[in-house]
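Q: First the structure, then my questions, so here it is.
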Amino acid sequence: MSSAYTIGTSYPLEDETTTSVRIADHASERPWTARPTTTATSIASQEVICAVSESRGVSPTVGLAFVNLSTSEAVLCQICDSQSYVKTINKIGVFEPSELIFMNTATQSKLYCIVQENFPALTITCIDRRYWSDRAAHDYVEMLAFPEEIESIRVSMEGHYFAACCLAAVLKYVELQLCKSFAFHSLRIKFEPSQGSMMIDLSTIVSLELIQNLQKSKSRDCLFGLLNETLTPMGSRLLRSNILQPSTEPEKIVARYDALEELSSKEEMFYSWRLMSGLCQLSKGLSIRTRFLLLSVALHSSKCIASVLTRKLILNPVKSTFHHVEQSVNHVIMLKSYVMSINPVYEALAGAQSALLKKIRDAGVNSLLDVARQTYKEANADATELVTRLAEVYDLSLDLKFDSARQYYISLSVFGLDEGPLPDIFINCYRKRDRIECQTLDLVKLNQRITDAHNEVINMSDRSIQELISEICADISGLFRISEAIATLDMLAAFAQLVTTQEYVRPELTDVLAIKSGRHPIQEKIHRGKFVPNDTYAAQQSRFQIITGCNMSGKSTYIRSIALMTIMAHIGCFVPADYASFPIVRQLFARAAAVDEIHANVSTFAAEMREMSFILRNIDPQSMVVVDELCCGTSTTDGLAISIAIAEAFVDSHALVWFATHFRDLARIMAERSGVVNLHLAVQLSPQADKMTMLYKVQEGHVQEKFYGLALAKVLSFPQEVLETAQMVSTRLNEIAERHAAGSKTLSIARRRRLILHLRERLLQAVNGTMEGETLRRWLERLQEEFALKMAAIDAESDAFTGDACDNGTVKTDDGQDSFQAVEDLEYDNKEIASTG
């Protein structure tokens, strides 16, 4: 797109006027995070135009139409969004348009301002309202869509007025302002419902390093870099789209699992595809090499097939030029090599059993007519013969050269003239260092004859080529289906490449999240052979998991690994674990990057609060949340209070939450709430507390190491008296806190209730499980014994501290006041500390 278009201007298609825009402040929304783009991963080279339109009301409906000029694809969306327009912003961020189009009457709307705030570098153009016509959209569909898809698209557009209007606006803009038009029945138009994919907002994409490494933008140490073993640009684009929008359709996910399992288990089929793409090692035998050598060359020469189909054959200038006619021959020949490579792909998938691989194999396409390029051998031969004759007559060493400006010319060395003048037959002489470049009158005439012949051939061929292109466009839907099938196969083969070289396992789709020996996929790649695996289990009775631990003990790595494995499972890839099962997650949120946002002029704490507000407004029971070190940027008292409040809200949301924190009091206070689990990353602390060994192993309960901060401080060159004072104060604080924390009868009641709820969940699992007979009886006996012991321990602890708790007036019976009571206990501790000096 031209850089002349600027944000906040109304670009006139005919007679519109420029409008100014006031940017409003929306402090409650999640702050904009720069889109991660690198040379290897960005789709910025693609030209995507997006039109946006919305209804009015409390729950606005937003229509979106994305037209990718690079791939000849139009995607329509209509979203029932909230007042924060989070789904709309997420959708725009995924497609990364090069330009946005709004109605010129929408420049003062809230949506317009929010889009500008989240995408400040994006070009926004406003066009007249009359171009937003649903009737015009239906006309475009009849004219441009694939004939076999027109009826389904028409049905999809019914009831989606705003999406249809956006389609009409963006296609009119392409026609009038970009002076481009699509060939008849050549545009892939599809309606993408708002459901069916996981929502991952832009900040989460950055925090989890899905597309780009936070430290080194060009590094492959990100999820996309790990999985991107694709061999074609279209496969790479499909993988990126899937990472940013993982599927939530179980049937689609399972179909990919089946296909991936077959590719990774059938070695010949897998290596056939990799060899066909020409980028795998030719080490699997001569027969495979011989069979697919031709296809390797063909696929290499047709990697830009999407660009050929779209920019060269489908998307045409409104006014045809001689250059466009001349290039059409080249593009048809390029298309030929692509078509020739299709049949070997079919043969490579012979014997496929999974439904998805069969679908890819049977995509099919009709044969296309071949095109022979007209040559000018006679004219070229005449030029060569002329120069040879001149060299003999004048006894000179002459070379025939060619460039686009002069066409054929003669070059000779000045040392071959014997200091004499150049014969008069040579004209247009030009000396260039030790060479003389010239022509003759006959050569000039020959050049003109070659030019005239070339133009005549091109003009005479124009009609035939256009007829051929029309025939190609009649089959263009089949070619695009094949391109999509190859992209899917390429992505699955990339997964298979990873699966066959790593110890990954096929996940299951269940109602619980259970991972045995799970590993962080990226860190495992970096620290090969040293990564410590961990188990994870999360259900409704363990939905909020507090992760505590020492500095550098692995809390962040553990919780991020869960989020990354969840995404991998939803895109159809196997995961780094011994066993894994996942529920369908509709939304994924992460707060895992504690840095000051200088560009937004906000501190770490302010950025955290804005993001947490965003998450709390959009969370639901089918969400997953990963929070790392919340509220470390403010005072301890305020940070703990806010963390408790946010934790309470997360528990009530029934989402799956992993909450890594250094607040040990948060773990103690929330421990008795139903659905809360305390975990910690284990360390070994020496008796003198001067040495720690990180085990990187998740264990039950909150962290027990009381002085791990002091142990780290002792490694540094602190003055001894400072360390001694810190040790004394820390010990005193710990004694007071423990004495008052253990004495509340309310906590004992909550512990009993939580133990009973846990027993209920275990019994329900037994009812729905496969154990029976003697195995079930023994399991129930162990469960009964375990329950009785834990209940007895709670009763004994309660009896031991009942008197002290009653004296302090801390006994309450309302379970809803647990957290409030615990905070009062902490306040009492602080008062006692102050009184003792």
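So the sequence shown is residues 1 to 837, counted in full-length UniProt numbering.
We treat Cβ as the ideally placed atom computed from N, Cα and C, and that holds for glycine.
Judging by CA-CA distance, which residue of Leu76, Phe650, Ser72 and Gln116 is the nearest neighbour of Ile89?
A: For Ile89, the nearest C-alpha among the options comes from Gln116.
Q: Restricting to Cα atoms, I'd like to know which of Ala136, Pro60, Phe146 and Leu202 is closest to Lys172.
A: Checking every option, the nearest Cα to that of Lys172 belongs to Ala136.
Q: On the DSSP bridge list, what partners appear for Phe426?
A: Answer is Thr440.
Q: Just reading off the alpha helix (DSSP H) that Asn534 is part of, what are its end residues?
A: No alpha helix (DSSP H) contains Asn534, which is instead part of the beta strand (DSSP E) from Asn534 to Ala538.
Q: Among Ile736, Asn734 and Met692, whose alpha-carbon lies nearest the alpha-carbon of Val715?
A: If we check each option's Cα against that of Val715, Met692 comes out closest.
Q: Given that a residue counts as buried once 16 or more other Cβ atoms are within 10 Å of its Cβ, and exposed if not, what is Ser264?
A: Burial call: buried.
Q: Quick one: what's got a C-beta closer than 6 angstroms to Cys50's C-beta in the same chain, skipping five residues either side?
A: Excluding residues within five positions, the ones whose Cβ falls inside 6 angstroms are Phe66, Pro97 and Leu100.
Q: Do Ile200 and Leu509 have their CB atoms nearer than 8 angstroms?
A: In this structure, Leu509 does not lie closer than 8 angstroms to Ile200 by Cβ.
Q: With a threshold of 7 angstroms on Cβ separation, who are the neighbours of Ala106 within its own chain once the five nearest residues in sequence on each side are excluded?
A: Contacts found: Tyr112.
Q: Could you tell me the alpha carbon to alpha carbon distance between Val683 and Ser553, rounded to whole angstroms?
A: Val683 and Ser553: Cα-Cα distance of roughly 7 angstroms.
Q: According to DSSP, is Arg435 part of a helix, a strand, or is it coil?
A: Arg435: strand per DSSP, three-state reduction.
Q: Among Asp221, Tyr140 and Thr125, which one has its Cα closest to the Cα of His527?
A: Here the closest residue by C-alpha is Asp221.
Q: Measuring only the C-alpha atoms, how far is Ile79 from Lys190?
A: Near 15 angstroms, if we compare the C-alpha coordinates of Lys190 and Ile79.
Q: Among the candidates Thr501, Ala391 and Thr604, whose CA atom is the shortest distance from the CA of Val575?
A: Closest by alpha carbon: Thr501.
Q: Mapping the DSSP letters down to three states, classify Thr557 as helix, strand or coil.
A: Thr557: helix per DSSP, three-state reduction.
Q: Excluding sequence positions up to five away, which residues of its chain have a Cβ less than 6 angstroms from the Cβ of Leu759?
A: Same-chain partners within the cutoff: Phe787.
Q: Have a look at Leu167 and Leu76 and give me their C-alpha separation to the nearest angstrom.
A: If I take the Cα positions, the gap works out to 7 angstroms.
Q: Could you compute how far the alpha carbon of Pro60 sits from the alpha carbon of Asn242?
A: Going by the C-alpha atoms only, they are around 27 angstroms apart.
Q: From what residue to what residue does the beta strand (DSSP E) around Arg591 run?
A: It spans Gln587 to Arg591 - the beta strand (DSSP E) in which Arg591 sits, taken as one unbroken run.
Q: Tell me whether the stretch 539 to 558 and the stretch 473 to 492 touch, counting them as touching only if at least three CB pairs, one residue from each stretch, are closer than 8 angstroms.
A: No: fewer than three Cβ pairs fall under 8 angstroms.
Q: Trp658 by DSSP, collapsed to three states: which one?
A: It is a strand residue.
Q: In the DSSP assignment, find the unbroken beta strand (DSSP E) run with Cys126 in it and report its ends.
A: Counting along the chain, the beta strand (DSSP E) containing Cys126 begins and ends at Thr123 to Ile127.
Q: Which class does Asp620 belong to by DSSP, given the choice of helix, strand or coil?
A: Of the three classes helix, strand and coil, the one that applies to Asp620 here is coil, per DSSP.
Q: Output needed for Leu144: all residues of its chain with C-beta closer than 6 angstroms, excluding positions within five of it in sequence on either side, in chain order.
A: Result list for Leu144: Phe182 and Leu187, in chain order.
Q: Report all residues from its chain with a CB closer than 8 angstroms to the CB of Leu780; omit the five preceding and five following residues, and keep chain order.
A: Closer than 8 angstroms at the Cβ level, and outside the excluded window around Leu780, lie Ala766.
Q: Since I believe Gly518 is in contact with Thr536 (beta carbons under 8 angstroms), could you give me their beta-carbon distance rounded to a whole number of angstroms?
A: At roughly 6 angstroms, the Cβ-Cβ gap stays under 8 angstroms, so Thr536 and Gly518 are in contact.
Q: Is the stretch 538 to 546 in contact with the stretch 204 to 217, if contact means three or more CB pairs nearer than 8 angstroms?
A: Not touching, per the Cβ criterion.
Q: In chain order, what residues of the same chain have a beta carbon less than 8 angstroms from the beta carbon of Leu223, not counting five sequence neighbours either side?
A: So the list reads Leu208, Glu209, Leu210, Ile211, Ile243, Pro521, Ile522, Leu564, Ile567 and Met568, once near-sequence residues are dropped.
Q: In the DSSP assignment, the alpha helix (DSSP H) including Val174 goes from what residue to what residue?
A: Val174 -> alpha helix (DSSP H) spans Tyr161 to Leu176.
Q: Along the chain, where does the alpha helix (DSSP H) that runs through Gln116 open and close?
A: Where Gln116 is concerned, the enclosing alpha helix (DSSP H) stretches over Lys110 to Asn118.
Q: From the DSSP output, in three-state form, read off Asp511 for me.
A: In this structure, Asp511 counts as coil in the three-state DSSP scheme.
Q: Just tell me which of Val170, Cys179, Asp134 and Gln177 has its CA closest to the CA of Glu158.
A: Checked all of Val170, Cys179, Asp134 and Gln177; the closest Cα to Glu158 is Asp134.
Q: Suppose you measure from the CA of Asn768 to the CA of Ala539; what does that come to, to the nearest Å?
A: The alpha-carbon atoms of Asn768 and Ala539 are separated by roughly 15 angstroms.
Q: Going residue by residue through the stretch 169 to 253, where are the continuous beta strand (DSSP E) segments of at least 3 residues, counting only ones entirely within it?
A: Runs found: 180 to 182 and 188 to 191.
Q: State the Cα-Cα distance for the pair Leu412 and Glu456, rounded to the nearest angstrom.
A: Roughly 32 angstroms separates the two Cα atoms.
Q: With respect to 7 angstroms, is the separation between the Cβ of Asn90 and the closest non-hydrogen atom of the ligand SAM below this value?
A: In terms of ligand content, the structure shown is empty, and the ligand SAM therefore cannot be addressed.
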